[in-house]
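Here the structure is laid out as structure tokens; the discussion comes afterwards.
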Amino acid sequence: MRTLTHKGVRIDDTFAEAFGMRATAVVITADSARWARQAAVTMTGFATSVIGCGAEAGIDRELTARETPDGRPGMRVLLFSTSTGELQKQLAARVGQCVLTSPGSACYAGLDGEETLRLGNALRYFGDGWQISKRFGGKHYWRIPVMDGEFVCEAATGLTKQAVGGGNLLIMGRTAASTLAAAEAAMKAIDKVPDAIAPFPGGIVRSGSKVGSKYKGVMASTNDAYAPTLRGAVTTALDADVGSVLEIVIDGLTADTVANAMRAGIAAIVKLGPKRGALRIGAGNYGGKLGPHHFHLKDLL
Amino acid sequence: MTLVLTLRKRPEQRLDLSPLVPHLLAGKSAASINSIELQTTKVRVTVGDAFRLRMGDAGRIRIEGACERLDGVGAGMSRGAITVAGDVGIQAGRLMTGGRLIIGGDTGHWAASGMKGGEIEIKGSAGDRLGGPIAGEIAGMRGGLVIVRGDAGARAGDKMRRGTILIEGSASDYAGSRMIAGTLIVRRKAGALPGYLMKRGTIIVGEGCTAFSPTFVDCGMHALLAMRLMAGFLKPYSPRTAALLQRPLRRYAGDMAVLGKGELFTGNPD
Numbered sequence: 040m041r042t043l044t045h046k047g048v049r050i051d052d053t054f055a056e057a058f059g060m061r062a063t064a065v066v067i068t069a070d071s072a073r074w075a076r077q078a079a080v081t082m083t084g085f086a087t088s089v090i091g092c093g094a095e096a097g098i099d100r101e102l103t104a105r106e107t108p109d110g111r112p113g114m115r116v117l118l119f120s121t122s123t124g125e126l127q128k129q130l131a132a133r134v135g136q137c138v139l140t141s142p143g144s145a146c147y148a149g150l151d152g153e154e155t156l157r158l159g160n161a162l163r164y165f166g167d168g169w170q171i172s173k174r175f176g177g178k179h180y181w182r183i184p185v186m187d188g189e190f191v192c193e194a195a196t197g198l199t200k201q202a203v204g205g206g207n208l209l210i211m212g213r214t215a216a217s218t219l220a221a222a223e224a225a226m227k228a229i230d231k232v233p234d235a236i237a238p239f240p241g242g243i244v245r246s247g248s249k250v251g252s253k254y255k256g257v258m259a260s261t262n263d264a265y266a267p268t269l270r271g272a273v274t275t276a277l278d279a280d281v282g283s284v285l286e287i288v289i290d291g292l293t294a295d296t297v298a299n300a301m302r303a304g305i306a307a308i309v310k311l312g313p314k315r316g317a318l319r320i321g322a323g324n325y326g327g328k329l330g331p332h333h334f335h336l337k338d339l340l
Numbered sequence: 044m045t046l047v048l049t050l051r052k053r054p055e056q057r058l059d060l061s062p063l064v065p066h067l068l069a070g071k072s073a074a075s076i077n078s079i080e081l082q083t084t085k086v087r088v089t090v091g092d093a094f095r096l097r098m099g100d101a102g103r104i105r106i107e108g109a110c111e112r113l114d115g116v117g118a119g120m121s122r123g124a125i126t127v128a129g130d131v132g133i134q135a136g137r138l139m140t141g142g143r144l145i146i147g148g149d150t151g152h153w154a155a156s157g158m159k160g161g162e163i164e165i166k167g168s169a170g171d172r173l174g175g176p177i178a179g180e181i182a183g184m185r186g187g188l189v190i191v192r193g194d195a196g197a198r199a200g201d202k203m204r205r206g207t208i209l210i211e212g213s214a215s216d217y218a219g220s221r222m223i224a225g226t227l228i229v230r231r232k233a234g235a236l237p238g239y240l241m242k243r244g245t246i247i248v249g250e251g252c253t254a255f256s257p258t259f260v261d262c263g264m265h266a267l268l269a270m271r272l273m274a275g276f277l278k279p280y281s282p283r284t285a286a287l288l289q290r291p292l293r294r295y296a297g298d299m300a301v302l303g304k305g306e307l308f309t310g311n312p313d
């Protein structure tokens with residue numbers, strides 16, 4: 040593979056291959072930013088990969104009291120899945136189990152869309168007949184009596200079919216510590232990009248996978264080409280100086296937001312430099328045959 | 044430019060102004076507008092007979108020198124704006140679906156009757172059965188926003204099903220009677236038995252009422268988020284009402300004589 044060097048960091052001449060997804064967003068508010076974050080973190084827990092979790096989700100950004108419908112601190116959460124049906128199921132389950140249950144929470148639409156997903160419309164039955172519908176100012180809310188008062192939930196939220204999942208960066212460094220430092224710097228930058236999330240823990244995944252396995256029924260297995268301990272044993276993608284690899288996977292509401300997030304991540308890694316951070320940046324793809332969105336690293340410098 | 048209709052003199056008979064709404068006047072010439080009939084008796088009265096017409100954009104209509112003999116002002120209106128200087132008669136804004144109707148003075152009975160959408164602002168006071176159904180109708184107001192700067196007569200919000208009524212002054216007896224759903228806010232006092240036989244819906248009475256129905260049950264003091272959202276919606280229309288909604292209110296559930304899923308909030312008398 041041809042490589043170009045940018046301020047001492049080697050950039051692979053390759054591309055991240057991404058797929059179309061369905062996505063939605065909700066705004067969660069609470070009496071304090073702490074409890075809004077708690078509800079959002081709980082709702083986006085176990086949402087790293089659609090393969091095992093049904094959805095990929097993350098906090099897009101923190102909202103100030105001025106930016107939320109009820110004038111309280113809030114969080115905007117993005118939720119991605121492969122089909123509208125699965126997304127609806129995940130949205131109702133996650134808001135129902137993690138936001139409805141959180142003290143003082145309320146949940147509102149976080150995305151405008153011609154098509155909508157049921158939010159309060161799916162959760163209102165928890166009210167067991169005591170739920171109250173309120174329409175005003177062009178909005179429709181459900182008020183559901185709960186033990187600390189009422190859970191207010193907007194009836195529906197928007198759905199987008201333009202979302203893109205699977206943008207990624209492979210960050211390769213000399214040691215685990217320097218590679219993590221580079222990945223953290225990249226995540227700090229990616230967190231600031233609107234309409235995009237990185238669903239893995241803290242945005243970072245250390246167990247990148249390849250499709251298939253030697254074992255029957257296992258859909259994905261370790262990405263041996265990027266596993267540094269197997270460098271001599273398998274056909275490796277790693278150079279002799281690379282001792283650790285981390286990946287950042289990015290989902291965005293549009294292809295542009297994924298590109299913006301990848302661009303911000305690369306810039307942060309390059310800025311940190313090869314001494315303190317990563318030696319090389321790559322990206323994962325399946326040869327370009329599976330996903331319609333190709334994000335070439337050289338275009339994102 | 045606004046289309047202006049100036050009343051020549053107090054009419055001999057009640058007039059039905061429901062044909063004078065933006066969507067019905069759109070594209071009409073001055074002559075054809077002047078020939079529209081408004082009478083409610085055998086004696087024919089046209090727009091030209093009753094009003095001096097200054098042509099303009101039919102989307103914005105102003106009625107000047109109005110009096111309480113003008114019925115059905117803005118009735119059935121679907122878009123645009125009608126502004127009235129003076130009082131109007133019964134059924135102003137009845138069955139309105141959109142647009143904005145501003146009445147400078149008082150309205151007669153059944154203002155906003157069966158309204159479905161849009162906004163009505165009554166700068167004076169409203170008569171009885173604001174938003175209510177006329178005889179034979181199952182439900183009253185079904186959507187939209189009504190703001191009364193003065194007081195309202197008896198049975199404001201009668202059989203209301205959806206939408207918001209905000210009365211900045213006081214309401215007479217049976218405010219929100221037989222409400223099916225929706226929101227009725229009386230910023231000051233209500234007369235006897237607000238929420239009489241209401242099934243669902245929300246009534247907020249800022250300063251209490253003269254007689255309270257025993258079929259409402261106390262649910263305690265609450266500062267509800269839904270009220271805060273409602274306050275945010277109403278603040279541009281009535282900052283003082285928004286302030287009322289931000290305070291903790293006492294919630295009563297009722298009317299237990301019927302379904303009992305309605306709620307009546309009152310400001311704390313303590």
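Respectively, the protein sequence lines represent chains A and B.
Numbering of the first sequence is given in this note's numbering, commencing with residue 40 and proceeding in unit increments.
Numbering of the second sequence is given in this note's numbering, commencing with residue 44 and proceeding in unit increments.
Even glycine gets a Cβ: it sits at the ideal position worked out from N, Cα and C.
Need the endpoints of the beta strand (DSSP E) that phenylalanine 190(A) sits in, please. For the purposes of this step, residue 190(A) is taken as the residue at position 151 of the first sequence. Taken as a continuous stretch (DSSP letters only), the beta strand (DSSP E) holding phenylalanine 190(A) covers 188-193.
Residues in the region 179-205 of chain A having any Cβ partner in chain B nearer than 8 Å: Tyr180, Arg182, Gly188, Glu189, Val191
Which first and last residues belong to the alpha helix (DSSP H) in which aspartate 100(B) is found? Here the question's residue 100(B) lines up with position 57 in the second sequence. Unbroken run through aspartate 100(B) is the beta strand (DSSP E), 100-109; no alpha helix (DSSP H).
Quick check: is the beta carbon of proline 108(A) nearer than 8 Å to any beta carbon in chain B? For the purposes of this step, residue 108(A) is identified with residue 69 of the first sequence, where counting begins at 1. It does: the Cβ of proline 108(A) has a partner Cβ on chain B nearer than 8 Å.
DSSP on isoleucine 289(A), reduced to helix/strand/coil? Along the first sequence, one-based indexing puts residue 289(A) at 250. Note: isoleucine 289(A) maps to strand in three-state DSSP.
Range covered by the alpha helix (DSSP H) that runs through arginine 73(A): Here residue 73(A) corresponds to residue number 34 of the first sequence, with the count starting at 1. Counting along the chain, the alpha helix (DSSP H) containing arginine 73(A) begins and ends at 72-82.
Whole angstroms are fine: how far does the CA of glutamate 125(A) sit from the CA of isoleucine 210(A)? As a first step, residue 210(A) must be located in the first sequence, where it is residue number 171. As a first step, residue 125(A) must be located in the first sequence, where it is residue number 86. Going from the Cα of isoleucine 210(A) to the Cα of glutamate 125(A) covers about 31 Å.
Check whether the region 283-297 of chain B and the region 226-237 of chain B touch, using three or more Cβ-Cβ pairs below 8 Å as the test. yes
Compile a chain-ordered list of the residues in the region 242-272 of chain B whose CB is closer than 7 Å to at least one CB of chain A. His265, Leu267, Leu268, Ala269, Arg271, Leu272
Under the three-state DSSP convention, the category proline 282(B) falls into: The sequence position of residue 282(B) within the second sequence is 239, counting from 1. Helix at proline 282(B).
Arginine 100(A) to glycine 330(A), Cα distance in whole Å? The sequence position of residue 100(A) within the first sequence is 61, counting from 1. The sequence position of residue 330(A) within the first sequence is 291, counting from 1. Using only the alpha carbons, I get a separation of about 27 Å.
Per DSSP, the bridge partner or partners of tyrosine 180(A): In the first sequence, residue 180(A) corresponds to position 141, counting from 1. Per DSSP, Lys173(A), Glu193(A).
Assuming glycine 135(A) contacts leucine 162(A) under a Cβ cut-off of 8 Å, what Cβ separation, rounded to an integer in Å, is found between them? As a working mapping, residue 135(A) is identified with position 96 in the first sequence. As a working mapping, residue 162(A) is identified with position 123 in the first sequence. The Cβ separation is near 5 Å, so the contact holds.
At a Cβ cut of 9 Å, what residues of the region 147-166 of chain A count as close to chain B, listed as they run along the chain? none
From asparagine 324(A) to glycine 312(A), what distance separates their C-alpha atoms? Residue 324(A) sits at position 285 when you count from the first residue of the first sequence. Residue 312(A) sits at position 273 when you count from the first residue of the first sequence. Approximately 25 Å, taken between the alpha carbons.
Alpha helix (DSSP H) segment containing alanine 215(A), residue limits: Here residue 215(A) is taken as the residue at index 176 of the first sequence, counted from 1. 215-230 is the extent of the alpha helix (DSSP H) around alanine 215(A).
Between the region 130-146 of chain A and chain B, which residues of the former have a C-beta closer than 7 Å to a C-beta of the latter? Ala145
Comparing the C-beta of phenylalanine 308(B) with each C-beta of chain A, is any distance below 8 Å? For the purposes of this step, residue 308(B) is taken as residue 265 along the second sequence, with counting starting at 1. No, phenylalanine 308(B) does not count as interfacial toward chain A.
Helix, strand or coil for proline 331(A) per DSSP? One-based indexing of the first sequence puts residue 331(A) at position 292. Coil.
Distance, Cα to Cα, phenylalanine 85(A) vs glycine 91(A)? Taking the first sequence and counting its residues from 1, one reaches residue 85(A) at position 46. Taking the first sequence and counting its residues from 1, one reaches residue 91(A) at position 52. Spanning the two alpha carbons is a distance of roughly 9 Å.
Taking the alpha carbon of methionine 301(A) as the point to measure from, which residue in Thr81(A), Val232(A), Gln127(A) has its own alpha carbon closest? The sequence position of residue 301(A) within the first sequence is 262, counting from 1. Methionine 301(A) has its Cα closest to that of Val232(A), out of Thr81(A), Val232(A), Gln127(A).
From methionine 82(A) to glycine 113(A), what distance separates their C-alpha atoms? Looking up residue 82(A) in the first sequence gives position 43. Looking up residue 113(A) in the first sequence gives position 74. Going from the Cα of methionine 82(A) to the Cα of glycine 113(A) covers about 14 Å.
Quick one: what does DSSP say arginine 133(A) is sitting in, helix, strand or coil? For the purposes of this step, residue 133(A) is taken as residue 94 along the first sequence, with counting starting at 1. Helix, per DSSP.
Might you give, ordered along the chain, the residues of its own chain that have their beta carbon closer than 6 Å to the beta carbon of alanine 108(A), omitting 5 neighbours on each side? The residue labelled residue 108(A) in the question sits at position 69 within the first sequence. Rather than alanine, the amino acid found at residue 108(A) in this sequence is proline. Closer than 6 Å at Cβ, skipping near neighbours: Tyr147.
8 Å is my cut-off, CB to CB: does arginine 205(B) come that close to chain A? As a working note, residue 205(B) is residue 162 in the second sequence. Interface residue, yes.
Glycine 275(B) touches chain A at which residues, Cβ-Cβ below 9 Å? Here residue 275(B) refers to the residue found at position 232 when the second sequence is read from its first residue. Chain A residues near glycine 275(B): Pro108, Asp109, Gly110, Gly176.
How about glycine 305(B) and arginine 205(B): are their beta carbons less than 8 Å apart? For this step, residue 305(B) is matched to residue 262 along the second sequence. For this step, residue 205(B) is matched to residue 162 along the second sequence. Not a contact, by the Cβ cut-off of 8 Å.
How big is the Cα-Cα spacing for threonine 253(B) and glycine 183(B)? The residue you call residue 253(B) lines up with position 210 of the second sequence. The residue you call residue 183(B) lines up with position 140 of the second sequence. Distance between the alpha carbons of threonine 253(B) and glycine 183(B) is about 25 Å.
For threonine 284(B) and chain A, any beta-carbon pair shorter than 8 Å? For the purposes of this step, residue 284(B) is taken as the residue at position 241 of the second sequence. Not one chain A Cβ lies under 8 Å of threonine 284(B).
Please compile the residues from chain A whose C-beta is within a distance smaller than 8 Å of the C-beta of threonine 226(B). Indexing the second sequence from 1 puts residue 226(B) at position 183. Simply Lys173, Phe175.
Around the Cβ of proline 279(B), are there at least 16 other Cβ atoms within 10 angstroms (buried) or fewer (exposed)? Taking the second sequence and counting its residues from 1, the one referred to as residue 279(B) is at position 236. With fewer than 16 Cβ atoms within 10 Å of its Cβ, proline 279(B) is classed as exposed.
Between the CA atoms of aspartate 261(B) and arginine 293(B) - distance to the nearest angstrom: As a working mapping, residue 293(B) is identified with position 250 in the second sequence. As a working mapping, residue 261(B) is identified with position 218 in the second sequence. So the two alpha carbons sit approximately 8 Å from each other.
Skipping 5 residues on each side, what residues in its chain have a beta carbon closer than 8 Å to that of tyrosine 164(A)? The residue labelled residue 164(A) in the question sits at position 125 within the first sequence. For tyrosine 164(A), where only same-chain residues beyond five positions count, the Cβ hits under 8 Å are Gln170.
Glutamate 211(B): buried (16+ other C-beta within 10 angstroms of its C-beta) or exposed? Start at 1 with the first residue of the second sequence, and residue 211(B) comes out as number 168. The residue is buried, with at least 16 neighbouring Cβ atoms inside 10 Å.
Here's the rule I'm using: 16 or more other beta-carbon atoms within 10 Å means buried, otherwise exposed. How should aspartate 278(A) be labelled? Here residue 278(A) refers to the residue found at position 239 of the first sequence. So aspartate 278(A) ends up on the exposed side.
Sequence-distant residues of its chain with Cβ nearer than 7 Å to isoleucine 289(A) (five each side left out): On the first sequence, position 250 is the one that residue 289(A) refers to. So the qualifying residues of the chain are Gly206, Asn207, Ile229, Ala235, Ala237, Val297, Ala300, Met301.
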